[in-house]
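Q: In the working numbering, the protein residues as written are 1 to 514.
Sharing a structure here in structure tokens format.
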Amino acid sequence: MHRQEPETDELSFWGGPDQAASLSPWQPQLGRGGPAPPAPPPIHAADVTRAPRSRVVVGQRELLPGQCRTLGSGGRIGGRGEEEPGQGRLGTRPEAERRRRRRRRRAVQRRPGGGRRGAAEGAAAAAPPPPGLRNRLNLPSVLVLNSCGITCAGDEKEIAAFCAHVSELDLSDNKLEDWHEVSKIVSNVPQLEFLNLSSNPLNLSVLERTCAGSFSGVRKLVLNNIKASWETVHTILQELPDLEELFLCLNDYETVSCPSICCHSLKLLHITDNNLQDWTEIRKLGVMFPSLDTLVLANNHLNAIEEPDDSLARLFPNLRSISLHKSGLQSWEDIDKLNSFPKLEEVRLLGIPLLQPYTTEERRKLVVARLPSVSKLNGSVVTDGEREDSERFFIRYYVDVPQEEVPFRYHELITKYGKLEPLAEVDLRPQSSAKVEVHFNDQVEEMSIRLDQTVAELKKQLKTLVQLPTSNMLLYYFDHEAPFGPEEMKYSSRALHSFGIRDGDKIYVESKTK
Numbered sequence: 001m002h003r004q005e006p007e008t009d010e011l012s013f014w015g016g017p018d019q020a021a022s023l024s025p026w027q028p029q030l031g032r033g034g035p036a037p038p039a040p041p042p043i044h045a046a047d048v049t050r051a052p053r054s055r056v057v058v059g060q061r062e063l064l065p066g067q068c069r070t071l072g073s074g075g076r077i078g079g080r081g082e083e084e085p086g087q088g089r090l091g092t093r094p095e096a097e098r099r100r101r102r103r104r105r106r107a108v109q110r111r112p113g114g115g116r117r118g119a120a121e122g123a124a125a126a127a128p129p130p131p132g133l134r135n136r137l138n139l140p141s142v143l144v145l146n147s148c149g150i151t152c153a154g155d156e157k158e159i160a161a162f163c164a165h166v167s168e169l170d171l172s173d174n175k176l177e178d179w180h181e182v183s184k185i186v187s188n189v190p191q192l193e194f195l196n197l198s199s200n201p202l203n204l205s206v207l208e209r210t211c212a213g214s215f216s217g218v219r220k221l222v223l224n225n226i227k228a229s230w231e232t233v234h235t236i237l238q239e240l241p242d243l244e245e246l247f248l249c250l251n252d253y254e255t256v257s258c259p260s261i262c263c264h265s266l267k268l269l270h271i272t273d274n275n276l277q278d279w280t281e282i283r284k285l286g287v288m289f290p291s292l293d294t295l296v297l298a299n300n301h302l303n304a305i306e307e308p309d310d311s312l313a314r315l316f317p318n319l320r321s322i323s324l325h326k327s328g329l330q331s332w333e334d335i336d337k338l339n340s341f342p343k344l345e346e347v348r349l350l351g352i353p354l355l356q357p358y359t360t361e362e363r364r365k366l367v368v369a370r371l372p373s374v375s376k377l378n379g380s381v382v383t384d385g386e387r388e389d390s391e392r393f394f395i396r397y398y399v400d401v402p403q404e405e406v407p408f409r410y411h412e413l414i415t416k417y418g419k420l421e422p423l424a425e426v427d428l429r430p431q432s433s434a435k436v437e438v439h440f441n442d443q444v445e446e447m448s449i450r451l452d453q454t455v456a457e458l459k460k461q462l463k464t465l466v467q468l469p470t471s472n473m474l475l476y477y478f479d480h481e482a483p484f485g486p487e488e489m490k491y492s493s494r495a496l497h498s499f500g501i502r503d504g505d506k507i508y509v510e511s512k513t514k
């Protein structure tokens, strides 16, 4: 099942609250009048697998119903709803093939005795495929059945027949209330490695170990927004020896409960959008999952990392990536503590109170300078050039701060680069005006001229001063620092700033007729 991760936020979890509304064919049709429809019967997973929705995701490619292979059983698109125009039934041949069959049947019926013969041929054509073809009628390896109104498993033989090759199954946003029904489904999908059960009301039942045993082959499990208790999570961890990725978002956790045994196989944990505020709860995750590689804590209310440096290294010895997006961190000491994770390479820190007073440039440079081992910040790679610029910026940022307030990292960088002087403030904007000396005959007049005007406009400005018509005026520009003589300003449309005029330069005015 293809997943995309945003930069920005990165909150990459499955089956959250923003999923599309249910497409169940039993949904009432609003605004059409008439009596209310009858209460919907329960929808079985087996029914839906025989008649999948109009969207089947295969890897990164989405197949329309007309493109799907034959599934058998002749189910209709969208479960029990009406057929979509031009698509026909899944489990029958494409429309063009059906038209050819009808033409052949009519041709046979027009032969002598064709009526009886054509009916027999039609019956033979409509007969179900022989058992030997059954293996060719399996569903794709990636099966998406979210928002289908599924309440129970249904015929387990049908599930086993059609889902023999399914490895990724999305059952999010359905109406499954009983773990026993989930167990019936999963136990008949032998190749299953990814399972999404998000937004099902499974908190109403207790998960027994016998049921959880059917999940034993699952490597990636998504339990977002099902309000699963920690007892349920512990049962799952005991029965899934190869579990590598676990999603526990939107479950209203305020505390973390440790099981009696650790789960050494888990590499990635998403536990975003909960109510975890104290580091004492987060540290339990390190005890539960000692091999954890990626920890996503975004949108929690964690207010500080209260742990000695050596203890952090023991709790999360393999942690490579951590996300603290929109947490409550307010101290630079908390950022410095991230250096205690011995293998940390990637950090996400957007939207925390500590960084709000700084500009975007200051935020990134100050964080990069404090985390020398981090090679990716907020999804962007930190290059060697950026790191050096950030570390030099860090030194200059704290150069005037009292010694008792200077962070320890400042002294480390002073050892590396030495003391750096503040950068000179250079204004690279073009000068808008200049004070020049205007020379005419024996007169010298100091005046301010705009540099955005042209030579012709300058002549008009000088007309009153030198008492010459502009048509009889010659101008020469003299740079007082240049080694060469005056330059004639012969082109009337040329802008004055193109001469490089500065304060103290001279302009000579002569008459064409003397």
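For glycine and all other residues, C-beta sits at the position ideal for the given N, C-alpha and C.
1) Between Leu319, Asn318 and Trp279, which lies nearest to Asp334 when the distance is taken from Cα to Cα?
2) For His480, count the other beta carbons within 10 Å of its own beta carbon; 16 or more makes it buried, fewer makes it exposed. Which is it?
3) Report back the beta-carbon spacing between Ala369 and Ser390 to the nearest angstrom; my notes put them in contact at under 8 Å.
4) Cutting at 7 Å between CB atoms, please list the residues of its own chain near Cys263, excluding the five before and the five after it.
5) Span of the alpha helix (DSSP H) holding Ile236?
6) For Lys435, I'd like the list of residues in its chain whose CB is within less than 6 Å of its CB, leaving aside the five on either flank, ordered along the chain.
7) So, helix, strand or coil for Asn489, using DSSP?
8) Look up Tyr476 in the DSSP assignment and say whether it is helix, strand or coil.
9) Under 8 Å Cβ to Cβ from Val256, same chain only, skipping five residues before and after it: list those, please.
10) According to DSSP, is Glu10 helix, strand or coil?
11) Do the stretch 396–409 and the stretch 437–446 touch if we need at least three Cβ pairs shorter than 8 Å?
12) Rounded to the nearest angstrom, what separates Asp252 and Lys337 at their Cα positions?
13) Quick check on Lys326: buried or exposed, where buried means 16 or more other Cβ atoms within 10 Å of its Cβ?
14) Return the chain-ordered list of same chain residues with a C-beta closer than 7 Å to the C-beta of Lys184, the five sequence neighbours on each side being excluded.
15) Curious, which full-length alpha helix (DSSP H) runs of at least 4 residues does the stretch 294–344 contain?
16) What is the DSSP secondary structure of Arg392, reduced to helix, strand or coil?
17) Measure the beta-carbon distance from Val455 to Leu475 and round it to whole angstroms, keeping in mind my assumption that it falls under 8 Å.
18) Output needed for Pro85: all residues of its chain with C-beta closer than 8 Å, excluding positions within five of it in sequence on either side, in chain order.
19) With DSSP as the reference, identify every bridge partner of Val509, one or two as the case may be.
20) If we ignore side chains and look at the alpha-carbon of each, how far apart do Ser331 and Ala304 end up?
21) Decide if the stretch 209–228 is in contact with the stretch 169–187; the criterion is three or more beta carbon pairs, one per stretch, under 8 Å apart.
22) Going by DSSP in three states, Glu361 sits in which element: helix, strand or coil?
23) Considering only their Cβ atoms, is the gap separating Val374 from Val347 smaller than 8 Å?
24) Near His342, which residues of its chain fall below 6 Å by C-beta distance, leaving aside the five closest residues on each side in sequence?
25) With DSSP as the reference, please indicate the residues paired to Leu450 in a beta bridge.
26) Please go through the same chain and pick out, in chain order, the residues whose beta-carbon is closer than 8 Å to the beta-carbon of Arg209, but skip the five residues on each side of it.
27) For Asp173, count neighbouring C-beta atoms within 10 Å of its own C-beta (all shown protein chains included) and say buried if the count is 16 or more, exposed if not.
28) Would Thr151 be called buried (16 or more neighbouring beta carbons within 10 Å of its own) or exposed?
29) Return the bridge partner residues of Arg348 from the DSSP annotation.
30) Excluding the five sequence neighbours on either side, which residues of its own chain have a C-beta within less than 8 Å of the C-beta of Pro241, listed in chain order?
31) Rounded C-beta distance between Ile226 and Cys249? I'm assuming under 8 Å.
32) From the DSSP output, in three-state form, read off Glu193 for me.
33) Going by C-alpha to C-alpha distance, which of Ser187, Asn146 and Glu487 sits closest to Glu158?
34) Alpha carbon to alpha carbon, what distance is there between Asn146 and Gly81?
35) Out of curiosity, what's the CA-to-CA distance linking Leu171 and Asn200?
36) Roughly how many angstroms separate the alpha carbons of Ala482 and Glu488, rounded to a whole number?
A: Taking the coordinates as given:
1) For this step, residue 334 is matched to residue 334 along the sequence shown. Of the listed residues, the one whose Cα sits closest to Asp334 is Trp279.
2) As a position in the sequence shown, residue 480 is number 480, starting the count at 1. Classification for His480: exposed.
3) Here residue 369 refers to the residue found at position 369 of the sequence shown. Here residue 390 refers to the residue found at position 390 of the sequence shown. Confirmed, Cβ separation roughly 5 Å.
4) As a working mapping, residue 263 is identified with position 263 in the sequence shown. Cβ within range, chain order: Leu237, Leu243, Met288 and Phe289.
5) The residue you call residue 236 lines up with position 236 of the sequence shown. Counting along the chain, the alpha helix (DSSP H) containing Ile236 begins and ends at Trp230 to Glu239.
6) Counting from one through the sequence shown, the residue named residue 435 turns up at place 435. Cβ within range, chain order: Ser448 and Asp503.
7) Taking the first residue of the sequence shown as 1, we reach residue 489 at position 489. One detail in the question is off: residue 489 reads as Met in this sequence, not Asn. It is coil, neither helix nor strand.
8) Taking the sequence shown and counting its residues from 1, one reaches residue 476 at position 476. Strand at Tyr476.
9) In the sequence shown, residue 256 corresponds to position 256, counting from 1. Only Trp230, Leu276, Glu281, Ile282, Lys284, Leu285 and Met288 meet the Cβ criterion.
10) As a first step, residue 10 is located in the sequence shown; it is residue number 10 there, counting from the start. Reliability fails at Glu10, whose pLDDT of 42 lies under 50, so the model's placement of it is uncertain and the value that follows must be treated cautiously. Looking at Glu10 - three-state DSSP - the assignment turns out to be coil, as it is neither helix nor strand.
11) no
12) Along the sequence shown, read from residue 1 onward, the residue named residue 252 stands at position 252. Along the sequence shown, read from residue 1 onward, the residue named residue 337 stands at position 337. Looking at the two C-alpha atoms, the distance is approximately 27 Å.
13) As a position in the sequence shown, residue 326 is number 326, starting the count at 1. Its Cβ being crowded by 16 or more others within 10 Å, Lys326 is buried.
14) Working through the sequence shown from its first residue, we reach residue 184 at position 184. Once the five neighbours on either side are set aside, the close Cβ partners of Lys184 are Ala153 and Glu156.
15) 309–315 and 332–337
16) As a working mapping, residue 392 is identified with position 392 in the sequence shown. Correct three-state label for Arg392: helix.
17) Here residue 455 refers to the residue found at position 455 when the sequence shown is read from its first residue. Here residue 475 refers to the residue found at position 475 when the sequence shown is read from its first residue. Confirmed, Cβ separation roughly 6 Å.
18) Mapped onto the sequence shown, residue 85 falls at position 85. Only weak support is given to the placement of Pro85: the predicted model assigns it a pLDDT of 37, under 50, and the question is left unresolved by the model.
19) Along the sequence shown, read from residue 1 onward, the residue named residue 509 stands at position 509. Val509 pairs with Phe440 and Leu475.
20) The count along the sequence shown starts at 1 and reaches residue 331 at position 331. The count along the sequence shown starts at 1 and reaches residue 304 at position 304. Distance between the alpha carbons of Ser331 and Ala304 is about 8 Å.
21) yes
22) Numbered from 1 along the sequence shown, position 361 holds the residue referred to as residue 361. Note: Glu361 maps to helix in three-state DSSP.
23) If you number the sequence shown from 1, residue 347 lands on position 347. If you number the sequence shown from 1, residue 374 lands on position 374. Yes.
24) In the sequence shown, residue 342 corresponds to position 342, counting from 1. This sequence places Pro at residue 342; His is not what is there. Excluding sequence neighbours, Pro342 sits near Ala313.
25) If you number the sequence shown from 1, residue 450 lands on position 450. The sequence given here has Arg at residue 450, not Leu. DSSP, once it has assigned bridges, lists Ser433 as partnering Arg450.
26) Position 209 of the sequence shown holds residue 209. Once the five neighbours on either side are set aside, the close Cβ partners of Arg209 are Thr235, Gln238 and Glu239.
27) Locating residue 173 in the sequence shown gives position 173, counting from the first residue. Buried: at least 16 other Cβ atoms inside 10 Å.
28) One-based indexing of the sequence shown puts residue 151 at position 151. By the 10 Å Cβ count, Thr151 comes out buried.
29) Looking up residue 348 in the sequence shown gives position 348. Per DSSP, Ser323.
30) As a position in the sequence shown, residue 241 is number 241, starting the count at 1. Cβ neighbours of Pro241 beyond the five flanking positions: Ser216 and Ser265.
31) For the purposes of this step, residue 226 is taken as the residue at position 226 of the sequence shown. For the purposes of this step, residue 249 is taken as the residue at position 249 of the sequence shown. About 10 Å separates the two Cβ atoms, so there is no contact after all.
32) Your numbering for residue 193 matches position 193 in the sequence shown. Residue state, collapsed to three classes: coil.
33) By 1-based counting over the sequence shown, the position of residue 158 is 158. Out of Ser187, Asn146 and Glu487, Ser187 has the C-alpha closest to the C-alpha of Glu158.
34) Sequence index remark: in the sequence shown, residue 81 carries index 81 (1-based). Sequence index remark: in the sequence shown, residue 146 carries index 146 (1-based). Residue placement at Gly81 is poorly supported in this model, since its pLDDT is 35, which falls under 50; the coordinates are not used for a value here.
35) As a working note, residue 171 is residue 171 in the sequence shown. As a working note, residue 200 is residue 200 in the sequence shown. Rounded to the nearest angstrom, the two C-alpha atoms are 8 Å apart.
36) Along the sequence shown, one-based indexing puts residue 482 at 482. Along the sequence shown, one-based indexing puts residue 488 at 488. Roughly 14 Å between the two C-alpha positions.
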